[in-house]
Amino acid sequence: MRGLLVVGDVVTDVVARHAEPLAPATDTAARIRTLPGGAGANAACWAASRGCQEVRLLARVGTDAHDWHADALRAAGVRPLLVADPDAPTATVIALVDAGAERTFLTDSAAALRLAPGDWSEDLLDGVAHLHVSGYMFFADTSRATARLALAAARDRGVPVSVDPASAGFVGALGVDRFLASVEGADVLLPNADEARLLTGLAEPADAAAELSRRFPLVAVTLGAAGALVAEQGAAVERVAAPEVRAVDSTGAGDAFTGAFLAARLAGADPAEAARAGCRAGAEAVGSVGGRPRG
Ligand code: ADP
Numbered sequence: 000m001r002g003l004l005v006v007g008d009v010v011t012d013v014v015a016r017h018a019e020p021l022a023p024a025t026d027t028a029a030r031i032r033t034l035p036g037g038a039g040a041n042a043a044c045w046a047a048s049r050g051c052q053e054v055r056l057l058a059r060v061g062t063d064a065h066d067w068h069a070d071a072l073r074a075a076g077v078r079p080l081l082v083a084d085p086d087a088p089t090a091t092v093i094a095l096v097d098a099g100a101e102r103t104f105l106t107d108s109a110a111a112l113r114l115a116p117g118d119w120s121e122d123l124l125d126g127v128a129h130l131h132v133s134g135y136m137f138f139a140d141t142s143r144a145t146a147r148l149a150l151a152a153a154r155d156r157g158v159p160v161s162v163d164p165a166s167a168g169f170v171g172a173l174g175v176d177r178f179l180a181s182v183e184g185a186d187v188l189l190p191n192a193d194e195a196r197l198l199t200g201l202a203e204p205a206d207a208a209a210e211l212s213r214r215f216p217l218v219a220v221t222l223g224a225a226g227a228l229v230a231e232q233g234a235a236v237e238r239v240a241a242p243e244v245r246a247v248d249s250t251g252a253g254d255a256f257t258g259a260f261l262a263a264r265l266a267g268a269d270p271a272e273a274a275r276a277g278c279r280a281g282a283e284a285v286g287s288v289g290g291r292p293r294g
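Residue numbers for the sequence shown follow numbering that gives the first Met the number 0, beginning at 0 and rising by one.
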């Protein structure tokens, strides 16, 4: 057993990079590209790019972009298990990226959060050594029910589960307690610093990481250009520096970290080594436009 199953989101990313601040009620020049993305899909692609064998992705897309996404996933070494939703379009995110590579998102989750319990089946776990669930799945009732099913089934089989909380904004909207209750039972939590702070109410990422690791056995908190922190059993155990890079577009940095971290863990790396692999991938992601590894 060595496969990685990701239950997550596939998103069409419209990335608009603008050098000048947005000018309301008139034009702002931008370089705009449409790229395949989604936290779950990106993490799956990064895991495959880091040598992870048999990476599969269960997700819902609209019929509008099903084939385009399936082809992009296959090209990245990921087996797409895409459910085509007859009634909703593919999730789309408009990412506004300013001169400092800071991102602002407009998010239409559309088909992504309509992944339904009927889309899940136990045999999806056959041959799977690890299940990763994108936090986005917990932000709507239907996809949360599906994510809970997958998590429970993985636990029944003794398959470890990781969750990336995905969005401080959406965690806040759902409610911290509700989010934590929904992901109860996960073995690995991979938040960024904002999410870790929000989930614990602790300002210092090291304190937040330690606190979260009382609930989740292994926690890696990403810190942007400052790297990442690993915590286990109630204590922060390692701080890993990020390689220096000229930041172009930070879309997918966290997904890159997640994919590379999981690939390294599945290959036998200890948590600190895996975090270093995650940071290398994160640096690569911020050095190029879009959330996926370069082909
Ligand atoms: P998210 O995208 O989820 O907010 P982070 O911004 O924390 O996640 O980035 C994830 C990882 O990507 C970091 O741990 C780091 O290794 C890498 N990274 C992010 N921004 C930079 C940067 N400016 N320079 C170098 N590495 C970076």
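Yeah, the Cβ is synthetic: ideal placement off N, Cα and C, and Gly gets one too.
Exercise for review: Label R73 either buried or exposed according to how many other C-beta atoms from any shown protein chain fall within 10 Å of its C-beta, with 16 as the threshold for buried.
Suggested key: By 1-based counting over the sequence shown, the position of residue 73 is 74. Exposed is the call here.
Point to revise | Helix, strand or coil at F260 [DSSP, three-state] | key: Translated into positions along the sequence shown, residue 260 becomes position 261. If DSSP states are grouped into helix, strand and coil, F260 belongs with the helices.
Check your understanding: Quick one: is the Cβ of C278 within less than 6 Å of any heavy atom of ligand 1?
Key -> By 1-based counting over the sequence shown, the position of residue 278 is 279. Yes.
Check your understanding: So does G171 have its beta carbon nearer than 6 Å to some heavy atom of ligand 1?
Key -> As a position in the sequence shown, residue 171 is number 172, starting the count at 1. No; taking the cut-off as 6 Å, the Cβ of G171 has no heavy atom of ligand 1 nearer than that.
**Study point:** Cα-Cα separation between P270 and V229, rounded to whole angstroms
**Key:** Within the sequence shown, the letter at position 271 stands for residue 270. Within the sequence shown, the letter at position 230 stands for residue 229. Roughly 7 Å between the two C-alpha positions.
Check your understanding: Excluding five sequence neighbours on each side, which residues of the same chain lie with their C-beta closer than 6 Å to the C-beta of R32?
Key -> Here residue 32 refers to the residue found at position 33 of the sequence shown. Here the set comprises V14.
Check your understanding: Smallest Cα separation from G174: which of L56, G200 and D86?
Key -> On the sequence shown, residue 174 is found 175 positions in, with the first residue counted as 1. When only C-alpha atoms are compared, the closest one is G200.
Check your understanding: DSSP three-state call for G37: helix, strand or coil?
Key -> Within the sequence shown, residue 37 is the residue found at index 38, counting from 1. The answer is coil: DSSP assigns G37 none of H, G, I, E or B.
Review point. Would a C-beta distance cut-off of 7 Å place P216 and D176 closer than the cut-off?
Key: Taking the first residue of the sequence shown as 1, we reach residue 216 at position 217. Taking the first residue of the sequence shown as 1, we reach residue 176 at position 177. Their beta carbons are not under 7 Å apart, which means P216 does not touch D176 by this criterion.
Practice item. Tell me whether the beta-carbon of V54 lies closer than 7 Å to the beta-carbon of A43. Key: Here residue 54 corresponds to residue number 55 of the sequence shown, with the count starting at 1. Here residue 43 corresponds to residue number 44 of the sequence shown, with the count starting at 1. Result yes, Cβ atoms of V54 and A43 sit closer than 7 Å.
Point to revise | CB contact flag (A284, V244, <7 Å) | key: Position 285 of the sequence shown, counted from the start, is the residue given in the question as residue 284. Position 245 of the sequence shown, counted from the start, is the residue given in the question as residue 244. No, Cβ-Cβ distance for A284 and V244 is not below 7 Å.
Exercise for review: Using the Cα positions of A69 and V5, report the straight-line distance between them to the nearest angstrom.
Suggested key: Translated into the one-based positions of the sequence shown, residue 69 becomes position 70. Translated into the one-based positions of the sequence shown, residue 5 becomes position 6. The straight-line gap from Cα to Cα measures roughly 15 Å.
Exercise for review: Could you give the DSSP three-state label for H65: helix, strand or coil?
Suggested key: Walking along the sequence shown from the start, residue 65 turns up at place 66. The answer is helix: DSSP assigns H65 an H, G or I state.
Practice item. Might you give, ordered along the chain, the residues of its own chain that have their beta carbon closer than 8 Å to the beta carbon of M136, omitting 5 neighbours on each side? Key: As a first step, residue 136 must be located in the sequence shown, where it is residue number 137. Excluding residues within five positions, the ones whose Cβ falls inside 8 Å are V6, G7, D8, G39, L112, L114, S142, R143, T145 and A146.
Review point. Is the Cβ-Cβ distance between L198 and V162 less than 7 Å?
Key: The residue given as residue 198 occupies position 199 in the sequence shown. The residue given as residue 162 occupies position 163 in the sequence shown. No, they are not a contact pair.
Point to revise | As assigned by DSSP and simplified to three states, the class of V285 | key: To locate residue 285, count along the sequence shown from 1; it is residue 286. Three-state DSSP puts V285 in a helix.
Exercise for review: Just tell me which of R214, H131, A180 and F260 has its CA closest to the CA of A234.
Suggested key: Locating residue 234 in the sequence shown gives position 235, counting from the first residue. For A234, the nearest C-alpha among the options comes from R214.
Exercise for review: Would you list the residues whose beta-carbon is nearer than 5 Å to any heavy atom of ligand 1, in the order they occur in the chain?
Suggested key: N191, T221, G223, A224, A227, A241, V244, A246, A252, G253, F256, C278, G281, A282 and V285
**Study point:** Proximity to A205 [Cα-Cα], best of A152, V239, A58 and R156
**Key:** As a working mapping, residue 205 is identified with position 206 in the sequence shown. Among A152, V239, A58 and R156, the Cα nearest to that of A205 is on V239.
Point to revise | Where F97 falls: helix, strand or coil (DSSP) | key: On the sequence shown, position 98 is the one that residue 97 refers to. Per the sequence presented here, residue 97 reads as Asp, with Phe not at that position. Coil.
**Study point:** W67 beta carbon less than 7 Å from that of A280
**Key:** As a working mapping, residue 280 is identified with position 281 in the sequence shown. As a working mapping, residue 67 is identified with position 68 in the sequence shown. Against a cut-off of 7 Å, the Cβ pair of W67 and A280 comes out as no contact.
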